[in-house]
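Engineer: A single structure is presented below for examination.
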Amino acid sequence: MFSLTEASSVTVTEVRLVSQRPYVLEGEPAVLTCHYILDPAEVVTEVEWEKDDVLVYLWTLDEPPEAKDVLKGHVDLGVKSPSTLTINEVNMHMQGSYTCRVRTNGKMAQNELFLMIIVDACKESSWKTYTDMISCTETVNMHCIGIFPKPSPACGVYADKPGKYLNSVPFDSVNKLANGTFEVSFNRKFVIQDWVNYTDISFRCYMMFLGTPWRSGIVHKMFGDAGCKDAPPHVKHGYYNMTEERSCWGYPSEGTRVEYHCDDGYQLLGSALYTCADGYWIPEGVIVEGDYEVPICQSLTHETDKSPTCFNPNLVLILFLIAWTLYE
(Lines of atoms letter the chains of each structure in order from A and count residues from 1; the text may use other names and numbers.)
(Lines give C-alpha, C1' and ligand atoms only; values in the text may rest on other atoms or scores of the structure.)
Protein backbone atom coordinates (compact mmCIF):
# COMPACT_ATOMS: atom_id res chain seq x y z
CA MET A 1 0.00 0.00 0.00
CA PHE A 2 1.41 3.38 -0.98
CA SER A 3 0.75 6.86 0.40
CA LEU A 4 1.65 10.27 -1.08
CA THR A 5 2.98 13.06 1.12
CA GLU A 6 1.96 16.45 -0.21
CA ALA A 7 3.85 19.69 0.43
CA SER A 8 2.13 21.75 3.09
CA SER A 9 2.64 25.03 1.19
CA VAL A 10 4.72 26.82 -1.43
CA THR A 11 8.50 26.75 -0.84
CA VAL A 12 11.05 28.95 -2.63
CA THR A 13 14.12 26.74 -2.76
CA GLU A 14 16.57 29.03 -4.53
CA VAL A 15 17.08 32.33 -6.34
CA ARG A 16 19.74 31.94 -9.01
CA LEU A 17 21.78 34.10 -11.40
CA VAL A 18 21.89 32.29 -14.75
CA SER A 19 25.60 32.71 -15.46
CA GLN A 20 28.93 30.92 -15.27
CA ARG A 21 30.17 33.80 -13.10
CA PRO A 22 28.96 35.05 -9.71
CA TYR A 23 28.79 38.63 -11.02
CA VAL A 24 27.62 40.67 -14.03
CA LEU A 25 29.61 43.37 -15.82
CA GLU A 26 27.91 46.71 -16.34
CA GLY A 27 26.12 46.78 -19.70
CA GLU A 28 25.59 43.03 -19.85
CA PRO A 29 22.18 41.33 -19.52
CA ALA A 30 21.27 39.41 -16.38
CA VAL A 31 18.71 36.67 -15.87
CA LEU A 32 17.47 35.83 -12.36
CA THR A 33 15.36 32.74 -11.78
CA CYS A 34 13.16 31.92 -8.80
CA HIS A 35 12.81 28.20 -8.07
CA TYR A 36 9.85 27.03 -6.01
CA ILE A 37 7.82 23.95 -5.10
CA LEU A 38 4.02 24.02 -4.93
CA ASP A 39 1.37 21.95 -3.25
CA PRO A 40 -0.69 20.23 -5.99
CA ALA A 41 -3.68 22.34 -5.03
CA GLU A 42 -1.79 25.64 -5.12
CA VAL A 43 -1.79 28.20 -7.92
CA VAL A 44 0.75 31.01 -8.21
CA THR A 45 -1.14 34.27 -8.19
CA GLU A 46 1.69 36.75 -7.73
CA VAL A 47 5.50 36.94 -7.82
CA GLU A 48 7.19 39.98 -6.33
CA TRP A 49 10.83 40.91 -6.84
CA GLU A 50 12.32 43.34 -4.36
CA LYS A 51 15.76 44.93 -4.41
CA ASP A 52 16.91 45.96 -0.95
CA ASP A 53 13.27 45.83 0.27
CA VAL A 54 11.99 48.00 -2.61
CA LEU A 55 9.54 46.48 -5.13
CA VAL A 56 11.17 46.48 -8.58
CA TYR A 57 9.19 43.86 -10.54
CA LEU A 58 5.71 42.41 -10.22
CA TRP A 59 4.17 39.44 -11.99
CA THR A 60 0.43 38.95 -11.44
CA LEU A 61 -1.74 36.14 -12.76
CA ASP A 62 -3.72 37.18 -15.86
CA GLU A 63 -2.09 40.64 -15.93
CA PRO A 64 0.97 41.99 -17.77
CA PRO A 65 4.19 42.12 -15.71
CA GLU A 66 5.42 45.50 -14.49
CA ALA A 67 8.93 46.83 -13.78
CA LYS A 68 9.36 49.52 -11.15
CA ASP A 69 11.93 51.81 -9.57
CA VAL A 70 15.53 51.02 -10.61
CA LEU A 71 14.40 48.33 -13.08
CA LYS A 72 11.78 50.43 -14.85
CA GLY A 73 12.55 50.44 -18.58
CA HIS A 74 15.30 47.83 -18.18
CA VAL A 75 13.35 44.55 -18.04
CA ASP A 76 12.19 42.30 -20.87
CA LEU A 77 8.43 42.33 -20.23
CA GLY A 78 7.88 39.83 -23.03
CA VAL A 79 9.07 37.00 -20.79
CA LYS A 80 5.86 35.44 -19.49
CA SER A 81 7.33 32.99 -16.98
CA PRO A 82 6.53 34.03 -13.39
CA SER A 83 9.85 32.56 -12.22
CA THR A 84 12.14 34.56 -14.55
CA LEU A 85 13.38 38.14 -14.32
CA THR A 86 15.36 39.28 -17.38
CA ILE A 87 17.29 42.56 -17.12
CA ASN A 88 18.41 43.86 -20.52
CA GLU A 89 21.43 45.91 -19.40
CA VAL A 90 22.59 46.11 -15.81
CA ASN A 91 24.18 49.16 -14.19
CA MET A 92 25.83 49.72 -10.84
CA HIS A 93 22.59 50.98 -9.26
CA MET A 94 21.07 47.52 -9.73
CA GLN A 95 23.56 45.88 -7.37
CA GLY A 96 21.95 44.64 -4.20
CA SER A 97 19.96 41.92 -2.49
CA TYR A 98 17.08 40.58 -4.61
CA THR A 99 14.17 38.85 -2.87
CA CYS A 100 11.76 36.65 -4.80
CA ARG A 101 8.41 36.38 -3.00
CA VAL A 102 5.90 33.88 -4.38
CA ARG A 103 2.24 34.14 -3.39
CA THR A 104 -0.34 31.44 -3.96
CA ASN A 105 -3.96 31.15 -2.91
CA GLY A 106 -3.49 32.20 0.69
CA LYS A 107 0.17 31.21 1.14
CA MET A 108 3.57 32.88 0.65
CA ALA A 109 7.29 31.97 0.56
CA GLN A 110 10.49 33.80 -0.36
CA ASN A 111 14.24 33.53 -0.83
CA GLU A 112 16.96 35.93 -1.89
CA LEU A 113 20.19 36.44 -3.84
CA PHE A 114 22.86 39.15 -3.79
CA LEU A 115 23.52 40.42 -7.31
CA MET A 116 27.01 41.88 -7.78
CA ILE A 117 27.52 44.40 -10.59
CA ILE A 118 31.09 45.26 -11.61
CA VAL A 119 32.07 48.43 -13.45
CA ASP A 120 35.41 47.59 -15.08
CA ALA A 121 36.72 51.12 -15.59
CA CYS A 122 40.44 50.38 -15.16
CA LYS A 123 41.90 49.59 -18.57
CA GLU A 124 45.43 48.82 -19.73
CA SER A 125 45.94 52.52 -20.45
CA SER A 126 45.43 53.24 -16.73
CA TRP A 127 48.88 51.75 -16.07
CA LYS A 128 52.22 53.34 -16.92
CA THR A 129 55.57 51.57 -16.50
CA TYR A 130 59.09 52.81 -17.18
CA THR A 131 62.34 50.84 -17.02
CA ASP A 132 65.63 52.77 -16.77
CA MET A 133 68.39 50.30 -17.68
CA ILE A 134 71.13 52.85 -16.95
CA SER A 135 70.21 53.48 -13.32
CA CYS A 136 68.41 50.12 -13.06
CA THR A 137 65.18 51.53 -11.65
CA GLU A 138 61.53 50.68 -12.27
CA THR A 139 58.64 53.14 -12.05
CA VAL A 140 55.01 51.98 -11.97
CA ASN A 141 52.05 54.39 -12.01
CA MET A 142 48.32 53.73 -12.09
CA HIS A 143 45.34 56.09 -12.03
CA CYS A 144 41.84 54.73 -12.50
CA ILE A 145 38.53 56.59 -12.19
CA GLY A 146 35.07 55.02 -12.12
CA ILE A 147 35.59 51.47 -10.88
CA PHE A 148 32.81 49.84 -8.85
CA PRO A 149 32.49 48.42 -6.23
CA LYS A 150 35.47 49.27 -4.03
CA PRO A 151 38.40 47.08 -5.15
CA SER A 152 40.94 45.28 -2.99
CA PRO A 153 44.64 45.23 -3.99
CA ALA A 154 46.79 42.19 -4.63
CA CYS A 155 50.11 43.82 -5.57
CA GLY A 156 53.77 43.11 -5.03
CA VAL A 157 57.13 41.99 -6.39
CA TYR A 158 56.84 38.38 -7.54
CA ALA A 159 59.64 35.81 -7.85
CA ASP A 160 58.77 33.84 -10.98
CA LYS A 161 60.82 30.67 -10.37
CA PRO A 162 59.66 29.86 -6.81
CA GLY A 163 56.27 31.31 -7.73
CA LYS A 164 55.69 33.53 -4.71
CA TYR A 165 55.32 37.18 -3.73
CA LEU A 166 58.36 38.75 -2.06
CA ASN A 167 56.40 41.66 -0.61
CA SER A 168 52.96 43.27 -0.53
CA VAL A 169 52.30 46.78 -1.85
CA PRO A 170 49.02 48.64 -1.08
CA PHE A 171 47.27 51.23 -3.23
CA ASP A 172 48.24 54.82 -2.43
CA SER A 173 44.61 55.95 -2.32
CA VAL A 174 41.08 54.65 -2.89
CA ASN A 175 38.50 57.45 -2.86
CA LYS A 176 34.73 57.21 -3.27
CA LEU A 177 33.37 59.71 -5.80
CA ALA A 178 30.05 61.55 -5.78
CA ASN A 179 28.49 59.12 -8.28
CA GLY A 180 29.30 56.12 -6.07
CA THR A 181 32.26 54.83 -8.08
CA PHE A 182 35.87 54.84 -6.88
CA GLU A 183 39.13 56.51 -7.88
CA VAL A 184 42.27 54.45 -7.33
CA SER A 185 45.88 55.64 -7.60
CA PHE A 186 49.28 53.98 -7.27
CA ASN A 187 52.84 55.28 -7.67
CA ARG A 188 55.98 53.27 -6.88
CA LYS A 189 59.68 53.29 -7.70
CA PHE A 190 61.91 50.22 -7.32
CA VAL A 191 65.74 50.06 -7.36
CA ILE A 192 67.87 47.03 -8.23
CA GLN A 193 69.84 47.26 -4.97
CA ASP A 194 66.81 45.90 -3.12
CA TRP A 195 66.49 42.87 -5.41
CA VAL A 196 70.05 41.77 -6.30
CA ASN A 197 69.38 38.26 -4.94
CA TYR A 198 66.50 37.69 -7.37
CA THR A 199 67.23 37.60 -11.09
CA ASP A 200 63.80 36.68 -12.43
CA ILE A 201 61.20 38.97 -10.89
CA SER A 202 58.11 40.84 -12.02
CA PHE A 203 55.73 43.38 -10.53
CA ARG A 204 52.20 42.02 -10.37
CA CYS A 205 49.27 44.18 -9.38
CA TYR A 206 45.62 43.19 -9.54
CA MET A 207 42.38 44.81 -8.50
CA MET A 208 40.07 42.24 -6.98
CA PHE A 209 36.56 42.05 -5.59
CA LEU A 210 36.38 39.74 -2.60
CA GLY A 211 34.14 36.74 -3.08
CA THR A 212 34.58 36.70 -6.87
CA PRO A 213 37.26 35.41 -9.26
CA TRP A 214 37.28 38.75 -11.12
CA ARG A 215 40.61 40.56 -11.34
CA SER A 216 42.22 43.19 -13.52
CA GLY A 217 45.80 44.44 -13.55
CA ILE A 218 49.28 44.00 -14.98
CA VAL A 219 52.33 41.75 -14.95
CA HIS A 220 55.49 43.75 -15.64
CA LYS A 221 58.96 42.18 -15.86
CA MET A 222 61.39 44.17 -13.71
CA PHE A 223 64.91 45.32 -14.63
CA GLY A 224 65.00 43.36 -17.88
CA ASP A 225 66.61 39.95 -18.30
CA ALA A 226 69.40 38.75 -16.02
CA GLY A 227 71.62 37.84 -18.96
CA CYS A 228 74.12 34.95 -19.07
CA LYS A 229 75.17 34.01 -15.54
CA ASP A 230 77.77 31.47 -16.73
CA ALA A 231 80.97 32.49 -18.48
CA PRO A 232 81.33 31.77 -22.22
CA PRO A 233 82.78 28.34 -23.16
CA HIS A 234 86.49 28.09 -22.27
CA VAL A 235 88.97 27.37 -25.05
CA LYS A 236 92.53 26.10 -24.58
CA HIS A 237 95.29 27.77 -26.57
CA GLY A 238 92.97 30.66 -27.38
CA TYR A 239 90.97 33.58 -26.05
CA TYR A 240 87.81 35.58 -26.73
CA ASN A 241 86.76 39.21 -26.93
CA MET A 242 83.40 40.21 -25.46
CA THR A 243 81.23 43.26 -26.01
CA GLU A 244 80.66 45.26 -22.83
CA GLU A 245 76.85 45.24 -22.33
CA ARG A 246 75.85 44.29 -18.78
CA SER A 247 72.50 43.50 -17.16
CA CYS A 248 71.29 45.13 -13.94
CA TRP A 249 72.75 42.14 -12.07
CA GLY A 250 76.21 42.62 -13.62
CA TYR A 251 76.06 39.63 -15.97
CA PRO A 252 76.62 39.86 -19.74
CA SER A 253 73.27 41.07 -21.02
CA GLU A 254 71.05 39.51 -23.67
CA GLY A 255 72.59 40.14 -27.09
CA THR A 256 76.19 40.29 -25.81
CA ARG A 257 78.56 38.82 -28.43
CA VAL A 258 81.77 36.83 -27.94
CA GLU A 259 84.39 36.33 -30.68
CA TYR A 260 86.98 33.54 -30.30
CA HIS A 261 90.61 33.61 -31.50
CA CYS A 262 93.40 31.03 -31.31
CA ASP A 263 97.04 31.45 -30.32
CA ASP A 264 99.72 31.33 -33.01
CA GLY A 265 100.16 27.81 -34.36
CA TYR A 266 96.54 26.84 -33.71
CA GLN A 267 93.42 26.86 -35.85
CA LEU A 268 89.82 27.37 -34.68
CA LEU A 269 87.32 24.55 -35.13
CA GLY A 270 83.66 25.40 -34.60
CA SER A 271 81.89 28.75 -34.50
CA ALA A 272 83.98 31.83 -33.77
CA LEU A 273 80.95 33.88 -32.66
CA TYR A 274 78.64 33.24 -29.69
CA THR A 275 75.68 35.34 -28.52
CA CYS A 276 73.96 35.53 -25.12
CA ALA A 277 70.32 34.53 -25.71
CA ASP A 278 67.74 33.44 -23.12
CA GLY A 279 70.48 33.11 -20.52
CA TYR A 280 72.73 30.82 -22.60
CA TRP A 281 75.70 31.21 -24.93
CA ILE A 282 74.49 30.22 -28.39
CA PRO A 283 76.86 29.74 -31.36
CA GLU A 284 75.97 31.77 -34.41
CA GLY A 285 75.02 29.65 -37.38
CA VAL A 286 73.43 26.21 -37.45
CA ILE A 287 75.28 23.44 -35.63
CA VAL A 288 75.02 20.29 -37.79
CA GLU A 289 76.40 16.81 -37.27
CA GLY A 290 80.16 16.94 -37.32
CA ASP A 291 80.38 20.57 -36.18
CA TYR A 292 81.83 21.52 -32.82
CA GLU A 293 79.33 22.63 -30.17
CA VAL A 294 82.12 24.47 -28.34
CA PRO A 295 85.09 26.14 -30.03
CA ILE A 296 88.40 24.22 -30.15
CA CYS A 297 91.87 25.52 -30.95
CA GLN A 298 93.75 22.65 -32.63
CA SER A 299 97.47 22.60 -33.30
CA LEU A 300 98.44 23.11 -36.93
CA THR A 301 101.22 20.44 -36.49
CA HIS A 302 98.80 17.88 -35.07
CA GLU A 303 98.86 15.49 -38.07
CA THR A 304 102.62 15.89 -38.66
CA ASP A 305 103.43 15.02 -35.09
CA LYS A 306 101.30 11.89 -35.35
CA SER A 307 102.76 10.47 -38.62
CA PRO A 308 106.18 9.04 -37.45
CA THR A 309 104.45 6.81 -34.93
CA CYS A 310 102.05 5.33 -37.50
CA PHE A 311 102.82 1.95 -39.23
CA ASN A 312 100.87 -0.80 -40.92
CA PRO A 313 101.52 -4.30 -39.44
CA ASN A 314 100.12 -6.01 -42.56
CA LEU A 315 102.68 -4.25 -44.75
CA VAL A 316 105.51 -5.46 -42.51
CA LEU A 317 104.27 -9.06 -42.80
CA ILE A 318 104.10 -8.87 -46.63
CA LEU A 319 107.64 -7.53 -46.86
CA PHE A 320 108.85 -10.34 -44.60
CA LEU A 321 107.23 -13.02 -46.81
CA ILE A 322 108.74 -11.51 -49.98
CA ALA A 323 112.20 -11.49 -48.43
CA TRP A 324 111.81 -15.10 -47.25
CA THR A 325 110.72 -16.24 -50.75
CA LEU A 326 113.72 -14.60 -52.39
CA TYR A 327 116.01 -16.20 -49.86
CA GLU A 328 114.66 -19.65 -50.75
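Position 300 (the sequence shown) corresponds to 300 in the UniProt record's numbering; numbering is contiguous. Note that beta-carbon positions come from the ideal geometry of N, C-alpha and C, so glycine has one too.
1. My parser needs the beta strand (DSSP E) runs of 3 or more residues fully inside the segment 187 to 266; what are they?
2. How is the beta strand (DSSP E) around Lys141 delimited, first residue to last?
3. Tell me which residue opens and which closes the beta strand (DSSP E) that Pro153 is part of.
4. Output the distance between the C-alpha atoms of Cys205 and Thr86, rounded to the nearest integer angstrom.
5. Looking at C-alpha atoms only, which residue of Val18, Thr137, Ile37, Gly27 is the closest neighbour of Ser9?
6. Taking Cβ positions, are Asp225 and Ser247 nearer each other than 8 Å?
7. So, at 6 Å on beta carbons, what are the nonlocal neighbours of Asp305 in its own chain, with the 5 sequence-adjacent residues on each side left out?
8. Should the segment 136 to 146 be regarded as contacting the segment 183 to 196, the criterion being three or more beta carbon pairs within less than 8 Å?
9. Compute the Euclidean distance between the alpha carbons of Lys221 and Asn167, then round it to the nearest angstrom.
10. Just curious, the beta strand (DSSP E) that Val54 is in, first and last residue?
11. Assign Pro162 to one of two classes, buried (16 or more other C-beta atoms within 10 Å of its C-beta) or exposed (fewer than that).
12. So, is Leu32 buried or exposed, given that buried needs 16 or more other C-beta atoms within 10 angstroms?
13. Should Phe209 go down as buried or exposed, given a rule of 16 or more other Cβ atoms within 10 Å for buried?
Structural biologist: If we stick to the structure as given:
1. 201 to 208, 215 to 221, 238 to 242, 257 to 262
2. Reading off the sequence shown, one finds Asn at residue 141, where the question assumed Lys. First-last of the beta strand (DSSP E) with Asn141: 137 to 147.
3. 152 to 159
4. 35 Å
5. Ile37
6. yes
7. Any reading at Asp305 must be qualified, since the residue scores a pLDDT of 44, below 50, and its modelled position is unreliable; no value is offered.
8. yes
9. 15 Å
10. 54 to 60
11. exposed
12. buried
13. buried
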